[in-house]
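Numbering (my numbering), first residue to last: 6 to 851.
From the three backbone atoms N, C-alpha and C, an ideal C-beta is built for every residue, glycine too.
Data first, discussion second: the structure below is written as structure tokens.
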Amino acid sequence: MSLRSFRPLAPLAGAAALTTLVSLSGCQTWLDSRYQDSLPPTSGVQPLKGLADTVSVRRNALGMPLIESRSFHDALFALGYVHASDRLSQMVGLRLMAQGRLAEMAGPGVLEIDRFMRAVNLRQSADIVYKNASPRLHKFFEVYARGVNAYLFRHRDKLPMDLAASGYRPEYWKPEDSALIFCLLNFGLSVNLQEEISSLALAQKVGAAQLAWLLPTYPDEPLPVDEADKLKGLALSGKIPGLAALDGVAGQLAALNMLGVAASNNWAIAPQRSRSGKSLLANDPHLPLSQPSLWSFVHLRAPKYQAAGVSVAGIPAVVAGFNGKLAWGMTMVMGDTQDLFLEQLRQQGGRLEYLADGKWQPARAHQETFFVKGQSPVRETFYETRNGPLLNSVLGERKHAMQPIALASGYGLALKTNQFEADQTLDAIFDLSRAQSVEDAHEPVRNIRALGLNMVYADAQHIAWQVTGRYPNRKGGRGLVPSPGWDSQYGWDGYADTMLHPYDQDPMQGWLGTANQRTVPAGYGVQLSNSWFYPERAERIAELAGASTRHDARSMIAMQYDQQTPFAAKLKAMFADPLMAQPLQRVIEALPAGERDQAREALKRLQAFDGQLAAGSADAALYAMFLQESARQTFLDELGPEDSAAWQGLVEIAKLSYSAQADHLLGRVDSPFWDDVRTAQKEDKPAILARSLAASVAQLESRLGSNRSAWQWGKLHSYQWDSDSTRLAPYMSAGQRASLATIKDYLDRGPYPAGGDHSTLNVSAWLWGKDFDTWLIPSMRMVVDFGQDEPLQGVNSSGQSGNPASKHYADGIDAWLKGRYQSFPFQSHNLDRSYGSQRLLLTPGR
Numbered sequence: 006m007s008l009r010s011f012r013p014l015a016p017l018a019g020a021a022a023l024t025t026l027v028s029l030s031g032c033q034t035w036l037d038s039r040y041q042d043s044l045p046p047t048s049g050v051q052p053l054k055g056l057a058d059t060v061s062v063r064r065n066a067l068g069m070p071l072i073e074s075r076s077f078h079d080a081l082f083a084l085g086y087v088h089a090s091d092r093l094s095q096m097v098g099l100r101l102m103a104q105g106r107l108a109e110m111a112g113p114g115v116l117e118i119d120r121f122m123r124a125v126n127l128r129q130s131a132d133i134v135y136k137n138a139s140p141r142l143h144k145f146f147e148v149y150a151r152g153v154n155a156y157l158f159r160h161r162d163k164l165p166m167d168l169a170a171s172g173y174r175p176e177y178w179k180p181e182d183s184a185l186i187f188c189l190l191n192f193g194l195s196v197n198l199q200e201e202i203s204s205l206a207l208a209q210k211v212g213a214a215q216l217a218w219l220l221p222t223y224p225d226e227p228l229p230v231d232e233a234d235k236l237k238g239l240a241l242s243g244k245i246p247g248l249a250a251l252d253g254v255a256g257q258l259a260a261l262n263m264l265g266v267a268a269s270n271n272w273a274i275a276p277q278r279s280r281s282g283k284s285l286l287a288n289d290p291h292l293p294l295s296q297p298s299l300w301s302f303v304h305l306r307a308p309k310y311q312a313a314g315v316s317v318a319g320i321p322a323v324v325a326g327f328n329g330k331l332a333w334g335m336t337m338v339m340g341d342t343q344d345l346f347l348e349q350l351r352q353q354g355g356r357l358e359y360l361a362d363g364k365w366q367p368a369r370a371h372q373e374t375f376f377v378k379g380q381s382p383v384r385e386t387f388y389e390t391r392n393g394p395l396l397n398s399v400l401g402e403r404k405h406a407m408q409p410i411a412l413a414s415g416y417g418l419a420l421k422t423n424q425f426e427a428d429q430t431l432d433a434i435f436d437l438s439r440a441q442s443v444e445d446a447h448e449p450v451r452n453i454r455a456l457g458l459n460m461v462y463a464d465a466q467h468i469a470w471q472v473t474g475r476y477p478n479r480k481g482g483r484g485l486v487p488s489p490g491w492d493s494q495y496g497w498d499g500y501a502d503t504m505l506h507p508y509d510q511d512p513m514q515g516w517l518g519t520a521n522q523r524t525v526p527a528g529y530g531v532q533l534s535n536s537w538f539y540p541e542r543a544e545r546i547a548e549l550a551g552a553s554t555r556h557d558a559r560s561m562i563a564m565q566y567d568q569q570t571p572f573a574a575k576l577k578a579m580f581a582d583p584l585m586a587q588p589l590q591r592v593i594e595a596l597p598a599g600e601r602d603q604a605r606e607a608l609k610r611l612q613a614f615d616g617q618l619a620a621g622s623a624d625a626a627l628y629a630m631f632l633q634e635s636a637r638q639t640f641l642d643e644l645g646p647e648d649s650a651a652w653q654g655l656v657e658i659a660k661l662s663y664s665a666q667a668d669h670l671l672g673r674v675d676s677p678f679w680d681d682v683r684t685a686q687k688e689d690k691p692a693i694l695a696r697s698l699a700a701s702v703a704q705l706e707s708r709l710g711s712n713r714s715a716w717q718w719g720k721l722h723s724y725q726w727d728s729d730s731t732r733l734a735p736y737m738s739a740g741q742r743a744s745l746a747t748i749k750d751y752l753d754r755g756p757y758p759a760g761g762d763h764s765t766l767n768v769s770a771w772l773w774g775k776d777f778d779t780w781l782i783p784s785m786r787m788v789v790d791f792g793q794d795e796p797l798q799g800v801n802s803s804g805q806s807g808n809p810a811s812k813h814y815a816d817g818i819d820a821w822l823k824g825r826y827q828s829f830p831f832q833s834h835n836l837d838r839s840y841g842s843q844r845l846l847l848t849p850g851r
């Protein structure tokens with residue numbers, strides 16, 4: 006079966022075919038019944054070739070499966086089968102994304118994504134990872150793949166809507182495909198690529214001298230002037246072909262969850278702070294809103310193996326969960342494992358060369374062929390320097406998407422990553438899921454090298470934190486902005502010794518927790534990162550975890566749904582500072598009457614604001630509007646207009662790291678950005694803040710009316726669950742977009758009022774400088790209370806199924822909104838209560 010005849014990311018393939026049918030019926034019920042046979046059965050007997058013995062599959066009220074088998078071999082086989090039955094479109098979509106083959110299914114609108122992914126070359130990375138896994142892991146991946154393929158074979162004529170309506174068929178699954186998806190997820194664990202692209206856009210707008218004020222810098226750290234100076238004297242404007250296209254592709258990939266986001270909370274409570282005298286662990290990874298979620302809950306029971314938690318469809322592992330003795334959860338380290346290098350390029354006799362320590366070297370070249378739906382194939386040349394693949398050599402201005410880019414002298418952008426190093430991470434993840442204690446888990450956790458994670462893990466009596474990953478030793482520079490590739494002083498000198506990776510166990514304070522904040526002091530021996538996320542979530546964890554010695558599962562869940570922002574108190578302290586309070590008051594009194602009243606009202610309300618970002622709060626709406634307006638009043642005059650690359654760069658960095666927006670609000674009184682360059686006089690910080698206060702009230706009156714009682718944060722800020730198809734629609738043809746619009750209500754869910762923001766434990770982040778739409782949420786929540794009879798409970802952010810015809814396509818949303826966690830029992834006598842007695846029996850077949 007040809008992959009070229011299959012189309013991923015529901016329902017792009019079937020959209021056109023469905024348009025007429027949907028317009029005739031106009032009914033979700035009709036679509037459900039039309040594709041009812043694409044749903045896998047939940048009871049009965051299914052003979053499958055490849056099983057050694059019968060396997061039972063039961064599901065809880067939200068469709069999360071319990072797989073019971075008499076051997077680990079059969080459990081893995083059934084996991085592959087169940088993953089395919091629940092998330093086949095997602096699995097194939099991820100595979101095609103990683104392969105750089107989306108255009109074969111979705112047409113030329115996504116060809117730039119394919120070009121980027123071919124340049125990054127995750128296929129080579131996956132080959133290295135897979136070859137270095139043990140024979141045991143090879144066997145596991147092979148068995149899992151056979152389970153996926155058993156489903157594909159048995160249901161080849163009953164595929165989900167996006168596949169069935171198109172008439173296409175997917176290729177069978179290969180063991181290497183699971184390694185490929187693993188590498189795709191690993192690639193998304195660094196945010197630095199997007200930050201460095203954004204820094205170039207900012208540098209071209211304001212120059213290297215002012216760039217340092219806009220780079221992510223914690224308040225207690227000096228401005229990274231030395232880092233910005235790497236670009237000093239370089240005439241970059243217009244000399245980097247493809248930069249805009251690269252920025253655009255990064256945005257597309259980020260929208261599809263495939264580039265890094267500053268994501269996740271985890272914490273563990275030691276026995277001395279728990280109600281039961283036993284440990285607790287909580288984890289909620291953050292990802293962009295998506296339908297379905299990346300995560301798939303699963304519970305495996307075999308004679309020598311039991312684990313429950315979240316998996317990623319396509320990978321045979323429980324990546325965060327509980328095994329009866331040990332619980333483990335993860336957050337992103339914010340590790341900087343990617344560097345962009347500026348390369349000086351020239352054409353020499355039809356050959357592309359780059360400058361390296363004073364000598365011109367030929368760029369390594371190879372050919373890639375793209376098969377594009379509805380178009381002729383395109384063959385293009387890709388180039389690589391000593392610092393990695395040249396990204397902008399394949400992205401740039403074209404008259405049409407099918408035209409290969411013309412080479413030109415100027416600057417190239419080479420991407421150097423840690424992804425081509427050999428290790429046994431896959432084995433380590435499996436070994437972690439089998440560890441029976443914190444002591445047993447230490448070695449597997451340290452051996453996770455391909456993923457940069459804050460692993461927090463616990464048994465009933467101990468808690469621990471370990472940073473995993475592989476972090477480059479930079480000879481020079483911090484990696485915040487692209488380095489001159491022609492100078493080897495900015496190259497990498499191997500990787501930090503794993504013994505230097507931060508670690509802690511059973512601290513005196515009685516808790517451990519991470520939330521993408523700076524976890525090591527400045528100057529620490531390992532360059533984990535130089536751009537950290539805002540510290541407020543970590544501060545809130547510390548406040549709540551340390552406030553009680555009676556923690557239990559209920560208090561853990563309350564923490565996960567907490568919408569209190571510490572940033573509001575910091576903002577109030579800034580307003581109350583004697584050096585700010587009087588000058589600000591004078592400026593406010595000098596405003597025109599209408600603006601003066603608005604500014605007075607805003608200041609009074611913000612000074613009284615308790616920091617609770619509830620969806621129904623009027624003061625939360627004013628607070629958020631002030632943050633938005635302060636960014637516009639401070640930076641838009643220098644970086645605008647709002648559709649410019651520089652302004653988008655500021656917005657991009659703010660969503661990934663501690664931002665100039667926050668930094669300037671709380672400090673930086675001497676910043677040149679306080680002056681409004683559009684006016685003759687010279688403004689200062691009080692003047693800009695006074696304008697922002699007045700503008701925040703004016704904007705709320707414009708959007709929500711003059712009646713203050715009608716102001717609500719949730720009227721500005723909402724959740725919207727969109728399918729991959731909807732998110733890709735802007736890059737599709739007009740006909741495809743029209744077809745997708747016809748079935749949008751069938752695929753997407755929302756809007757729902759939202760509370761919180763990027764700084765609350767219950768994350769609901771919006772784009773600071775753009776709009777209030779929620780883009781980042783806790784994509785699943787998990788709590789393990791070792792003091793309970795059944796310790797593990799969790800909830801996903803979407804339904805278990807990726808098939809819109811399934812009753813479990815979106816039922817998880819309500820459970821997630823209301824905190825309706827599901828229990829995953831490990832004791833046999835409790836299984837029926839959670840999973841019922843209805844079984845699908847998978848039996849050996851011929």
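With distances taken between CB atoms, is the gap from residue i to residue j smaller than 8 Å?
i, j, result
"T336", "N271", "yes"
"A332", "Y416", "no"
"D498", "K421", "no"
"V323", "A307", "no"
"L437", "A138", "no"
"H763", "Y539", "yes"
"Y757", "S723", "yes"
"L618", "W771", "no"
"A368", "L400", "no"
"Q798", "F829", "yes"
Would you grab the beta carbon distance between residue i and residue j for me? Rounded to a whole angstrom, and I think it's under 8 Å.
i, j, result
"Q805", "G817", "7 Å"
"A108", "D79", "With 8 Å as the limit, A108 and D79 do not qualify as a contact, their Cβ atoms being about 38 Å apart."
"S784", "S811", "No, S784 and S811 are not in contact; Cβ-Cβ is about 19 Å, not under 8 Å."
"L517", "I453", "Going by Cβ atoms, the distance from L517 to I453 rounds to 17 Å, so no, they are not a contact pair."
"H304", "P70", "7 Å"
"F614", "K309", "The Cβ separation is near 55 Å, so there is no contact."
Let me check one thing: in DSSP terms, what residues is residue i bridge-paired to?
i, result
"E200", "Paired residues: none, contrary to the question."
"T519", "N271"
Pick from the options: whose alpha carbon is nearest that of residue i?
i, options, result
"G841", "T47, D509, N65 and D37", "N65"
"D727", "L745, F580 and S676", "L745"
"W780", "M787, V789 and V768", "V768"
"L721", "M630, N835 and W679", "M630"
"R174", "V97, I133, R106 and S204", "V97"
"D729", "L294, A240 and L797", "L294"
"L292", "L116, P321 and L190", "L190"
"N459", "G340, R708 and A607", "G340"
"L641", "F831, D37, G256 and L207", "L207"
"A501", "V525, P489, L846 and G530", "G530"
"N521", "R161, V338 and E117", "V338"
"L709", "A623, Y663 and T390", "A623"
"S553", "L93, Q277 and S242", "Q277"
Looking at the structure shown, is residue i part of a helix, part of a strand, or coil, going by DSSP?
i, result
"Y852", "The question about residue 852 has no answer, for the chain in this structure spans 6 to 851."
"A581", "helix"
"F145", "helix"
"T34", "helix"
"A361", "strand"
"R838", "helix"
"E688", "coil"
"H78", "helix"
"L395", "strand"
"D778", "strand"
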